[in-house]
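Here UniProt numbering is used: the first residue of the sequence shown is 1, the next is one more, and so on. In this text, a Cβ means the ideal position worked out from N, Cα and C, and glycines have one as well. Reading through the structure tokens given below for one structure.
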Amino acid sequence: MPQGGRRDSRFGRYLRHGFTDPAAAQRLFDDPALTALRDDAGLLDALGATADPDLALVSLVRLAEALPEQVPGRAGERPAGPTGAPGATGSAEGAGAVAAGGQPDARPRQELLDTLLASKPLRDRLLGVLGASEALGDHLARHPEDWKALVTYESAADLNPGVEEFEAALGDVTDPDALRHHYRRCLLSIAARDVCGTSDLAQTAAELADLATATLRAALTLAEREAPEDAASCRLAVVGMGKAGGHELNYVSDVDVIYVAEAAEGVDEDKALQAATRLASRMMRICSDTTAEGTIWPVDANLRPEGRNGPLVRTLSSHLAYYQRWAKTWEFQALLKARPMAGDLALGQQYVEAVGPMVWQAAERENFVTDVQQMRRRVVENIPAAQVERELKLGPGGLRDVEFAVQLLQLVHGRSDATLRSPTTLEALEALAAGGYVARQDAAALDASYRFLRTMEHRIQLHHMRRTHLMPETEADQRRLARSLGYRSEPVAELHKTWRRHATAVRRLHEKLFYRPLLDAVAQLDVGEARLSPRAARQRLEALGYADPAGALRHLEALASGVSRKAAIQRTLLPVLLGWFADSADPDAGLLGFRKVSDALGRTPWYLRLLRDEGVAAENLARVLSAGRFAPDLLLRAPEAVALLGSTDDLRPRGRAALTQEVLSAVGRAGDAEQAVAVARGVRRRELFRTAAADVIGAYGTDEVPVADDPAPAVDRVGNALTDLNAATLAGAL
């Protein structure tokens with residue numbers, strides 16, 4: 001009975017710490033390989049903090065069992081400590097008998113257990129990885145000495161490694177399997193920083209991209225060693241694309257590349273291209289092949305000109321000829337991420353600099369905005385019906401919604417604003433917010449949602465080191481995912497609630513930004529017009545027919561000069577508004593009216609946001625301000641009425657009963673007769689503006705094409721609206 005009570009007590013403790021199979025946990029805790037840890041109270045707490053305590057414990061036992069209990073020492077060698085550095089001291093318990101020549105016997109298993117007891121940070125890192133990734137647990141069972149990759153976390157290079165650090169960690173490998181092994185060892189340290197919270201999403205993605213860069217360089221070096229004649233015949237550049245190029249790679253993802261080659265001095269171009277093709281193909285196989293050491297990742301060159309039907313390797317001039325004549329819109333969108341990664345970096349940089357101007361002119365292509373929007377819709381339409389609800393990446397509210405919206409805004413506005421030209425999604429989003437192209441609140445929401453969704457994707461991939469962006473189907477997998485994100489009380493329910501909240505926010509903001517009417521209008525401007533420099537503005541004002549270009553230029557300078565957020569948003573709006581004003585009989589009056597309204601409402605947070613983001617508000621305002629003096633004068637006396645221009649429905653007449661009720665209620669709340677008159681006049685001005693604006697914009701239809709719900713001629717509808725307004729005003733006066 002006492003034994004049963006102790007067992008029940010231990011089982012309950014295991015359950016409270018997140019284990020799902022307490023009986024199996026007890027057997028594993030009693031495993032001889034963990035004898036030294038049996039009385040360590042902190043071990044259970046550390047396991048309970050992992051994504052999957054059951055998996056972490058199983059993998060820890062496998063790791064300990066894979067390490068030999070004792071390895072005979074060899075003469076003339078100094079012992080290695082926990083970091084693997086010669087001369088570092090091991091633990092007292094780990095010291096065994098001294099072999100001839102003074103070298104003690106090594107005790108690898110005891111060294112691991114002693115380090116786990118002595119170092120809580122190391123224990124948390126190791127168990128965190130083992131609980132999050134079965135694949136990395138398998139790697140440690142094959143290469144148990146690699147646990148030491150998690151020991152050193154003292155220098156900036158340990159915490160923030162870059163390409164150079166990863167190249168050093170990969171070492172001068174001599175065969176592909178050694179590269180695959182060393183690549184996984186580097187992944188251990190990245191995953192540890194990730195799951196323990198030392199690195200955030202952006203840092204983790206950047207580290208994965210830097211590791212990919214180092215790995216491509218090592219793979220190309222191996223390919224060149226196997227074929228030195230090919231290497232001597234050409235200059236080969238490997239240009240990163242997609243998430244690798246954008247410095248935001250996943251744990252498991254195709255690494256997209258484009259190959260550029262030139263002949264070495266004195267070598268025939270055709271021969272050089274054949275040699276470069278063999279080198280590129282060999283490099284791809286080294287990265288993509290599966291052996292007992294696993295796979296690094298597939299290298300995908302299908303973003304090259306003509307895709308899989310085109311040659312794998314081209315010269316720089318051949319690339320440029322294709323992009324100048326044949327490239328489709330999506331290819332320029334893809335080139336936004338291009339960066340040199342491996343091989344001849346100078347040639348790779350030449351390529352990036354040569355295609356750059358074409359990338360930033362792509363928005364001037366006919367139907368550019370529509371093409372990008374249609375491409376996003378096709379992606380959604382091609383998702384298998386059974387997967388739509390599980391998609392983190394491609395579906396509505398997924399990662400692609402954020403990426404497409406950011407890239408479209410970059411390509412449209414980045415022509416005239418070089419600060420937007422980052423290949424990294426989150427950096428570009430930050431720049432769009434700083435420049436006033438996206439509301440700060442919207443940018444913050446997209447940033448938070450993108451980080452959450454990408455972290456979900458990372459943790460899903462990390463488990464089996466497989467490429468996927470689908471929510472797992474089983475309860476156990478969803479529980480592990482939820483716990484890896486910090487959910488504990490009801491992890492699966494909390495995960496789904498948060499996921500849906502972020503997906504809903506992403507879809508709403510995607511629709512708002514991606515289908516913003518202003519985008520198409522801005523895209524149709526040339527670079528000089530969009531930039532709104534003084535010289536370009538003066539020339540455009542003259543070409544558009546402004547009667548007083550100098551006066552109009554003074555209005556532009558007053559509206560758009562300076563570094564304030566208000567001025568930045570005005571610089572986005574004004575190039576388009578100038579064209580809309582010019583479509584009227586008096587563009588100068590339209591611009592003057594816009595300046596007056598902006599002066600009156602410029603400090604109101606919603607005003608410029610409405611014009612930038614909401615439907616046809618900016619175009620409607622331009623038409624109203626350019627249509628004579630009556631409507632603009634009303635608007636200047638009640639500038640808040642500009643909010644009515646965001647929707648045609650808001651301009652429809654309200655009807656006599658509703659107007660009368662509003663006037664009577666407002667008058668009834670007034671403190672005295674003077675205040676009552678003022679509020680009644682305010683309602684009247686607003687409604688007069690509503691009617692005038694509706695007439696100008698065509699919200700009442702035309703005499704030839706009336707609105708569907710009112711077959712009366714437009715002139716009668718205007719008259720009826722004014723009659724109802726007068727009746728309501730008289731009712732208030734009485």
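Express the C-alpha separation of residue j and residue i in angstroms, rounding to a whole number.
i: residue 440; j: residue 429; result: 10 Å
i: residue 41; j: residue 9; result: 15 Å
i: residue 483; j: residue 301; result: 37 Å
i: residue 472; j: residue 495; result: 12 Å
i: residue 689; j: residue 547; result: 27 Å
i: residue 695; j: residue 407; result: 38 Å
i: residue 45; j: residue 465; result: 26 Å
i: residue 287; j: residue 221; result: 12 Å
i: residue 563; j: residue 510; result: 27 Å
i: residue 744; j: residue 499; result: What is shown of the chain runs 1 to 734, which leaves residue 744 out entirely.
i: residue 97; j: residue 182; result: With a pLDDT of 41 at residue 97, under the threshold of 50, the predicted position of this residue should be treated as unreliable, though the coordinate-derived value follows. Rounded to the nearest angstrom, the two C-alpha atoms are 32 Å apart.
i: residue 92; j: residue 113; result: Interpretation of residue 92 is limited by its pLDDT of 35, a score under 50 that renders its predicted location unreliable; no figure is taken from the coordinates.
i: residue 604; j: residue 351; result: 46 Å
i: residue 517; j: residue 327; result: 26 Å
i: residue 270; j: residue 339; result: 26 Å
i: residue 610; j: residue 617; result: 7 Å
i: residue 16; j: residue 514; result: 46 Å
i: residue 669; j: residue 659; result: 16 Å
i: residue 613; j: residue 56; result: 49 Å
Pull the bridge partners of residue i from the DSSP assignment, please.
i: residue 234; result: 263
i: residue 240; result: 257 and 339
i: residue 391; result: 470
i: residue 313; result: 259
i: residue 106; result: 71
Considering residue i, what are the terminal residues of the alpha helix (DSSP H) in which it resides?
i: residue 346; result: 345-359
i: residue 298; result: Counting along the chain, residue 298 falls outside any alpha helix (DSSP H), and DSSP gives it neither H nor E.
i: residue 323; result: 316-325
i: residue 469; result: Counting along the chain, residue 469 falls outside any alpha helix (DSSP H), and DSSP gives it neither H nor E.
i: residue 620; result: 617-625
i: residue 695; result: 673-697
i: residue 376; result: 368-381
i: residue 196; result: Neither: residue 196 is in no alpha helix (DSSP H) and is coded neither H nor E.
i: residue 455; result: 440-464
i: residue 252; result: No alpha helix (DSSP H) holds residue 252; DSSP gives it neither H nor E.
i: residue 607; result: 605-613
i: residue 124; result: 120-132
i: residue 535; result: 534-544
By DSSP, does residue i sit in helix, in strand, or in coil?
i: residue 643; result: helix
i: residue 291; result: strand
i: residue 524; result: coil
i: residue 18; result: coil
i: residue 247; result: coil
i: residue 485; result: coil
i: residue 302; result: coil
i: residue 751; result: Residue 751 is absent from the structure shown; the chain starts at 1 and stops at 734.
i: residue 516; result: coil
i: residue 82; result: Low confidence applies to residue 82: its pLDDT is 33, below 50, so where it sits in the model is not reliable, and the reading given next is rough at best. Residue state, collapsed to three classes: coil.
i: residue 30; result: coil
i: residue 707; result: With a pLDDT of only 48 at residue 707, under the threshold of 50, the placement of this residue in the model should not be trusted; the figure read from the coordinates follows. Looking at residue 707 - three-state DSSP - the assignment turns out to be coil, as it is neither helix nor strand.
i: residue 665; result: helix
i: residue 89; result: Bear in mind that a pLDDT of 36 at residue 89, under 50, signals an unreliable position, so the number given afterwards is only what the model happens to contain. Residue 89 falls in the coil class under three-state DSSP.
i: residue 184; result: helix
i: residue 38; result: coil
i: residue 99; result: Residue placement at residue 99 cannot be trusted, given a pLDDT of 43 that sits under 50; what the coordinates show is reported in the next sentence. Coil.
i: residue 160; result: coil
i: residue 582; result: helix
Return yes when the C-beta of residue i is under 7 Å from any heavy atom of the ligand SAM, and no when it is not.
i: residue 286; result: Among the components of this structure there are no ligands whatsoever, and the ligand SAM is therefore not found.
Quiz item: Are there three or more Cβ pairs, one per stretch, closer than 8 Å when the stretch 412-421 is compared with the stretch 353-373?
Solution: yes
Self-check item: Inter-stretch contact (C-beta, 8 Å, three-pair minimum) for the stretch 272-288 and the stretch 191-202
Solution: no
Exercise. Check whether the stretch 639-653 touches the stretch 676-684, counting contact only when three or more Cβ pairs, one atom from each stretch, lie closer than 8 Å.
Key: no
Quiz item: So, do the stretch 311-323 and the stretch 206-215 have three or more beta carbon pairs nearer to each other than 8 Å?
Solution: no
Self-check item: the stretch 539-557 touching the stretch 589-599, judged by at least three CB pairs closer than 8 Å
Solution: yes
Quiz item: If you pair each beta-carbon of the stretch 165-176 with each one of the stretch 123-134, do three or more pairs fall below 8 Å?
Solution: no
Quiz prompt | Three-pair Cβ contact test at 8 Å for the stretch 260-271 versus the stretch 234-241 | solution = yes
Quiz item: Do the stretch 45-63 and the stretch 115-132 meet, that is, are 3 or more Cβ pairs less than 8 Å apart?
Solution: yes
Quiz item: Does the stretch 450-465 touch the stretch 238-251, meaning 3 or more C-beta pairs lie closer than 8 Å?
Solution: yes
Quiz item: Pairing CB atoms from the stretch 561-579 with CB atoms from the stretch 444-453, are three or more of them under 8 Å?
Solution: no
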